[in-house]
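Numbering (the working numbering), first residue to last: 10 to 546. Just so you know, even glycine gets a beta-carbon here, dropped at the ideal spot from N, CA and C. Read through the structure below, which is laid out as structure tokens, and then see the notes.
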């Protein structure tokens with residue numbers, strides 16, 4: 010009994026130590042002190058960007074700052090002990106503030122795997138092997154919070170990049186944001202932004218990672234060839250069909266309307282245009298140098314009161330005898346074998362997997378190229394407990410974010426008095442950004458975000474932006490639900506076809522289309538009769 014009482018304090022002390030150990034991060038960098046002497050700058054010539062230890066705008070909190078535009082940056086911090094990813098929960102978390110926005114550049118971290126013993130941290134560059142790459146990246150069609158796992162194929166020994174499918178997009182403002190990746194022992198990975206879950210995935214699911222960590226068991230035989238007599242045509246022209254005797258392929262699509270009569274009052278002898286009677290020959294016009302002067306033309310006022318002027322011609326109408334080029338009707342192909350595919354063979358690179366066999370994290374590196382300055386990294390964390398990450402987020406990021414958010418609201422309120430975004434418009438854009446993250450809109454995501462960003466710069470077109478995106482949403486949803494294509498519009502006779510007037514959608518067309526239209530207009534103008542002659546200077 011006495012021995013049991015003596016053992017109880019030891020058990021309590023042991024439990025307390027375990028609790029204290031569990032509450033400690035595996036790595037934490039708040040940048041309260043200068044990074045110099047603790048982080049190592051790349052010695053490679055490509056990396057000319059200057060890192061600075063600076064305060065976040067409007068705060069007393071320091072971070073690691075990207076100080077120059079259009080530069081490459083590389084810096085690395087080796088861990089005291091490698092962090093294993095094979096057992097238990099691992100939380101990767103860091104804070105980034107895009108103080109000047111992010112038009113084109115990265116703001117992600119690379120979690121470096123152990124290197125050779127002779128490796129020097131000053132050799133860190135874009136070729137340095139990593140285990141995980143995580144964080145914001147935006148440029149052109151790319152707008153995502155990357156999560157990439159580099160995993161070794163045990164059959165080939167090669168490392169393969171596995172990208173998270175449909176990752177969340179990068180917040181579009183200039184506030185501080187926290188990015189968190191939680192890796193669970195049951196193969197689950199969760200991506201959080203500002204403590205809010207944006208994506209949940211499974212490392213072993215082909216639906217979540219591209220390519221899948223587990224290769225397919227079979228692959229198409231690369232040596233298999235399609236037989237020469239393999240017929241992939243489902244339909245063929247009927248070889249027994251004969252063109253009807255009354256089928257006239259030369260009949261025109263349109264003919265003159267023989268029943269048409271010339272309207273009463275038609276002025277056959279009046280031209281549609283006449284010389285402007287009020288025009289005078291310029292005093293400095295030189296017939297020898299400038300040629301014979303011609304008065305500019307104007308519409309004939311007599312034609313405005315009459316049905317028409319000039320030579321009357323019967324209008325054209327659709328030819329009822331027109332049938333066009335004859336083609337034999339299609340019938341089922343008796344030799345049809347389907348679309349040929351090579352036979353499947355066992356995949357020599359296939360392997361089974363219960364959980365990722367990921368390399369440990371031995372260092373944390375930032376290796377980016379960016380067109381923006383003002384990117385501030387802070388509070389870089391690796392932990393084995395989600396509560397530790399949440400606690401640091403609450404203590405470090407949240408107070409700053411609340412201050413920044415209040416400042417942003419005040420600026421928006423001031424701008425709303427003029428032409429800026431109202432609070433209502435702001436909510437609309439927030440909803441639209443979330444809409445852009447819907448997986449089945451992924452092919453249109455970049456265009457949608459571009460439209461939203463234009464709308465933020467021009468608040469007066471908010472309703473138009475909203476309508477445009479809703480139309481895209483409904484169109485894509487319709488295609489998913491019903492599939493297929495819309496029936497082709499019936500061909501109108503040439504006489505009925507009119508050139509549409511230019512619309513805003515035309516203005517949004519490609520520059521190539523605009524150039525083609527311009528060339529057509531120039532040809533038409535060149536072919537048109539001369540309306541006036543002026544002296545060229």
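So, under 8 Å CB-CB, residue i and residue j are touching, yes? Tell me the CB distance rounded to an integer number of Å.
{"i": "residue 272", "j": "residue 318", "result": "Contact doesn't hold; Cβ gap of about 11 Å is too wide."}
{"i": "residue 223", "j": "residue 94", "result": "With 8 Å as the limit, residue 223 and residue 94 do not qualify as a contact, their Cβ atoms being about 17 Å apart."}
{"i": "residue 355", "j": "residue 227", "result": "6 Å"}
{"i": "residue 421", "j": "residue 435", "result": "6 Å"}
{"i": "residue 548", "j": "residue 437", "result": "Since the first and last residues shown for the chain are 10 and 546, residue 548 lies out of range."}
{"i": "residue 360", "j": "residue 229", "result": "Not confirmed; about 19 Å, so no contact."}
{"i": "residue 73", "j": "residue 36", "result": "Between residue 36 and residue 73 the Cβ distance is about 15 Å, and since that is not below 8 Å, they are no contact."}
{"i": "residue 377", "j": "residue 116", "result": "7 Å"}
Which partner residues does residue i have in the DSSP bridge list?
{"i": "residue 479", "result": "DSSP output for residue 479 lists no bridge partner at all."}
{"i": "residue 199", "result": "191, 209"}
{"i": "residue 148", "result": "151"}
{"i": "residue 228", "result": "354"}
{"i": "residue 335", "result": "BP columns for residue 335 are empty, so no partner."}
{"i": "residue 157", "result": "142, 172"}
{"i": "residue 325", "result": "265"}
{"i": "residue 242", "result": "Paired residue(s): none; residue 242 is not in a bridge."}
{"i": "residue 276", "result": "318"}
{"i": "residue 102", "result": "189, 390"}
{"i": "residue 92", "result": "370"}
Quick one: residues in its chain with C-beta nearer than 6 Å to the C-beta of residue i, no 5 flanking neighbours on either side, listed in chain order?
{"i": "residue 235", "result": "349"}
{"i": "residue 187", "result": "104, 203, 402, 406"}
{"i": "residue 482", "result": "none"}
{"i": "residue 165", "result": "358"}
{"i": "residue 383", "result": "108, 109"}
{"i": "residue 463", "result": "none"}
{"i": "residue 67", "result": "none"}
Residue i: which of the options sits nearest, CA to CA?
{"i": "residue 146", "options": "168, 118, 391", "result": "118"}
{"i": "residue 40", "options": "63, 56, 59", "result": "63"}
{"i": "residue 255", "options": "353, 333, 312, 138", "result": "333"}
{"i": "residue 370", "options": "459, 160, 73", "result": "160"}
{"i": "residue 201", "options": "167, 153, 133", "result": "153"}
{"i": "residue 578", "options": "309, 374, 136", "result": "The first residue shown for the chain is 10 and the last is 546, placing residue 578 beyond what the model contains."}
{"i": "residue 49", "options": "84, 65, 66", "result": "84"}
{"i": "residue 172", "options": "221, 376, 389", "result": "221"}
{"i": "residue 175", "options": "209, 163, 168, 189", "result": "209"}
{"i": "residue 169", "options": "408, 463, 365, 464", "result": "365"}
{"i": "residue 108", "options": "51, 262, 180, 133", "result": "180"}
{"i": "residue 440", "options": "54, 478, 456, 455", "result": "478"}
{"i": "residue 120", "options": "243, 391, 290", "result": "391"}
{"i": "residue 231", "options": "296, 353, 397, 447", "result": "353"}
{"i": "residue 141", "options": "198, 177, 278", "result": "198"}
{"i": "residue 138", "options": "113, 149, 151, 167", "result": "167"}
{"i": "residue 286", "options": "130, 309, 125", "result": "309"}
{"i": "residue 86", "options": "44, 101, 70", "result": "44"}
{"i": "residue 387", "options": "268, 65, 237", "result": "65"}
{"i": "residue 311", "options": "278, 100, 149, 71", "result": "278"}
Leaving aside the five residues before and after residue i along the sequence, list all residues of the same chain whose C-beta is less than 7 Å from its C-beta, in chain order.
{"i": "residue 275", "result": "315, 316, 317, 321"}
{"i": "residue 110", "result": "183, 381"}
{"i": "residue 56", "result": "81, 82, 83"}
{"i": "residue 130", "result": "49, 85, 87"}
Taking its Cβ as the centre, do 16 or more other Cβ atoms sit within 10 Å of residue i, making it buried, or is it exposed?
{"i": "residue 380", "result": "exposed"}
{"i": "residue 78", "result": "exposed"}
{"i": "residue 38", "result": "buried"}
{"i": "residue 339", "result": "exposed"}
{"i": "residue 452", "result": "exposed"}
{"i": "residue 449", "result": "exposed"}
{"i": "residue 75", "result": "buried"}
{"i": "residue 59", "result": "exposed"}
{"i": "residue 330", "result": "exposed"}
{"i": "residue 419", "result": "exposed"}
{"i": "residue 480", "result": "exposed"}
{"i": "residue 51", "result": "buried"}
{"i": "residue 251", "result": "exposed"}
Using a Cβ-Cβ cut-off of 8 Å (strictly less than) and excluding sequence neighbours within five positions of residue i, which residues of its own chain qualify?
{"i": "residue 184", "result": "106, 410, 413, 414, 417"}
{"i": "residue 123", "result": "91, 368, 369, 371"}
{"i": "residue 346", "result": "239, 240, 241"}
{"i": "residue 98", "result": "191, 192, 193, 194, 393, 394, 395"}
{"i": "residue 336", "result": "246"}
{"i": "residue 144", "result": "103, 105, 115, 116, 117, 118, 154, 155, 188"}
{"i": "residue 328", "result": "260, 261, 262, 263, 264"}
{"i": "residue 218", "result": "158, 171, 172, 173, 174, 210, 212"}
{"i": "residue 266", "result": "323, 324, 325, 326"}
{"i": "residue 302", "result": "290, 291, 294, 296, 542"}
{"i": "residue 243", "result": "341, 342, 345"}
{"i": "residue 177", "result": "153, 154, 200, 202, 207, 208, 446"}
Just to confirm, does residue i get its C-beta within under 7 Å of one of the non-hydrogen atoms of the ligand NAP?
{"i": "residue 263", "result": "This structure does not include the ligand NAP; it has no bound ligands of any sort."}
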